[in-house]
Amino acid sequence: MMKHVVPGWVRPHQIIGEKARQYKLYGVQGEPCLFKHISPRDIEQGYLGDCWLVSSFAAIAEFPDRVRSLFRQKALTKDGKYDVRLYDPHAEEWVVVTIDDRLPYWKKPGKYGNLCFAQVTKENELWTCLLEKAVAKFVQSYHRLDGGFESVALEMLTGKPSLCISMSVIPNGMHRPFTYECGKLPFTARHATVRMRTESFDAQWTYYGEDASAMVGGRHGLEDAQFWKMLQTWDKAGCSIACSSRHDYQGILACHAYTLLRVVEVPIVRDGVSSILRLLHVRNPHRTNEWKGRFCDDDAETWNTYPEALKVCKHTVGIKDNGVFWMDWADFKNGFEKVHTNFDKQGEGPRYTDKTAQARAEHLHVSWGHVGYQKWEGLQPNLLGIAEFSCAYFCCT
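Going by our numbering, the first residue of the sequence shown is number 180, and it counts up by one from there.
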């Protein structure tokens with residue numbers, strides 16, 4: 180039994196280090212720290228449906244300086260107070276959220292206990308727990324973190340615009356990606372246009388402009404090769420990328436957020452014929468429950484068929500179950516529904532602007548500013564005009 184800690188709130192010294200062993204909590208070695216070796220592979224989601232947020236933590240953790248820049252304090256403090264910088268997309272400004280280091284804790288029946296939500300890393304780093312608490316305070320409760328958009332999280336953590344691309348199913352079982360324009364792009368043209376392939380845009384606009392808070396705009400068809408090229412560009416530019424699953428699919432959990440770590444092409448030559456193998460490195464914030472299909476960790480048959488991929492991916496065949504896995508492009512499109520990226524590296528990000536037409540936009544009220552649209556009748560496909568109001572800009576591909 181724990182004599183000094185009861186379910187509720189605990190401080191770092193009560194869950195890590197010498198006193199933690201005395202209290203029979205974690206009993207891990209070492210002392211707590213704010214940062215040590217920040218890594219996306221050490222981030223673990225807790226008992227809260229905020230995978231959209233935790234997967235975004237992992238996405239920015241690919242670049243440790245991004246994480247450190249969110250904290251004014253660079254080490255643990257004696258008073259347990261921390262100032263965390265978050266971007267408020269509604270106010271369009273950075274805000275400072277002050278928190279203490281008390282973390283929600285509960286006692287598992289028959290076990291030593293655990294933190295309720297984001298977990299301490301393997302190296303006893305507390306930044307994940309504290310950053311999650313800061314976001315919870317920003318939105319007024321942990322409960323409000325239960326469900327959300329990765330695009331919102333990425334913008335909140337970086338202050339830079341985000342983009343969501345949704346992949347739709349076509350009759351032959353593959354998916355044709357199309358784009359939803361998301362967030363503010365401060366360097367887009369005053370009037371932009373985008374090709375449309377839907378006749379029911381008004382319903383889409385209402386949903387993404389008023390109900391989904393973070394997303395506004397329309398969509399258009401995006402060829403498979405174009406979408407892959409965009410992913411490569413974002414990956415090479417150092418953009419943070421997250422993805423959300425469509426359904427339960429050979430180990431992929433339904434409606435769950437993951438982090439996209441790498442996007443690679445592997446040149447393959449067989450019998451004098453050249454081809455390209457497209458692979459993606461994905462991470463589950465649960466740090467378990469991995470992909471079980473082709474190119475999974477222990478799929479020796481497939482990996483040995485493509486030794487070139489083993490070299491490029493630096494993969495060692497074997498069961499790891501650490502939440503990190505490889506999968507090919509076709510399986511990725513079958514298992515995942517949306518890809519979210521953040522243009523933190525590039526600032527303004529890619530601008531997907533169709534200059535074939537311009538028009539004065541009609542006024543609409545939406546979540547993050549005022550945006551209008553106008554359809555041109557008789558054009559195939561239709562064109563959607565995106566215009567500037569009150570310094571809030573939006574862009575579609």
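Ideal Cβ placement from N, Cα and C applies to all residues, glycine included. This one's a predicted model, so the numbers in the text were calculated from it and none came from an experiment.
Whole-angstrom distance between residue j and residue i, CA atom to CA atom
i	j	result
Lys517	Ser424	7 Å
Cys295	Trp285	6 Å
Trp470	Lys339	31 Å
Val448	Arg457	14 Å
Ser320	Pro283	12 Å
Ser235	Thr438	7 Å
Phe515	Leu440	15 Å
Glu304	Glu487	36 Å
Glu402	Ile195	50 Å
Ser125	Leu310	Residue coverage of the chain in this structure runs from 180 to 576, which leaves residue 125 outside it and unanswerable.
Thr412	Phe406	10 Å
Val189	Ala315	17 Å
Asp510	Ile431	10 Å
Gly228	Lys312	14 Å
Ile455	Cys434	30 Å
Asp325	Ala421	17 Å
Val233	His519	14 Å
Phe250	Ile278	11 Å
Thr495	Glu272	45 Å
Arg323	Asn513	30 Å
Lys260	Lys253	12 Å
Val246	Thr484	39 Å
Ala416	His426	30 Å
Trp231	Ala436	5 Å
Cys492	Ala404	21 Å
Lys408	Leu459	13 Å
Glu444	Cys343	23 Å
Own chain residues within Cβ distance below 6 Å of residue i, not counting five before or after
i	result
Ile474	In the sequence on display, residue 474 carries Phe and not Ile. Once the five neighbours on either side are set aside, the close Cβ partners of Phe474 are Thr481, Trp505, Met506 and Asp507.
Leu410	Val442
Gln429	Lys471 and Gly472
Asp221	Thr300 and Lys301
Asp262	Arg251, Val275 and Thr277
Gly187	none
Gly209	Asn303
Residues of its chain near residue i, where Cβ-Cβ distance is below 7 Å and the 5 sequence neighbours each way are ignored
i	result
Phe317	Leu265 and Val276
Asn521	Leu333, Glu334, Thr337, Lys339, Ser341, Cys418 and Ser419
Gly497	Asp476 and Asp477
Asp500	Thr467 and Glu469
Leu489	Trp482
Pro211	Pro191, His192, Ile195, Gly196, Leu255, Asn303 and Leu305
Ala237	Pro219, Ile222, Thr438, Arg462 and Pro464
Cβ neighbour criterion (16 or more within 10 Å) applied to residue i
i	result
Glu329	buried
Gly502	buried
Thr307	buried
Gly206	No answer about Gly206 holds up, because its pLDDT of 44 lies below 50 and its placement is not dependable.
Val274	exposed
Gly451	exposed
Pro219	buried
Tyr226	exposed
Gly327	buried
Asp280	buried
Asp258	exposed
Asp414	buried
Simplified DSSP state of residue i, which is helix, strand or coil
i	result
Asp221	helix
Leu282	strand
Ile344	strand
Trp470	coil
Asp414	helix
Ala268	Looking at the sequence provided, one finds Pro at residue 268 rather than Ala. Of the three classes helix, strand and coil, the one that applies to Pro268 here is coil, per DSSP.
Ala404	helix
Thr377	Low confidence applies to Thr377: its pLDDT is 42, below 50, so where it sits in the model is not reliable, and the reading given next is rough at best. Thr377: coil per DSSP, three-state reduction.
Cβ-based neighbour list, residue i, same chain, cut-off 8 Å, excluding 5 preceding and 5 following
i	result
Ser453	Pro446 and Ile447
Ala479	Val496
Ser248	Arg264
(message) If contact is defined by three or more beta carbon pairs under 8 Å, each pair taking one atom from either stretch, is the segment 261–269 in contact with the segment 226–245?
(response) At 8 Å Cβ cutoff, the stretches do not touch.
(request) Flag this pair as touching only if the segment 293–308 and the segment 212–220 have three or more C-beta atom pairs under 8 Å; answer yes or no. (result) Touching, yes.
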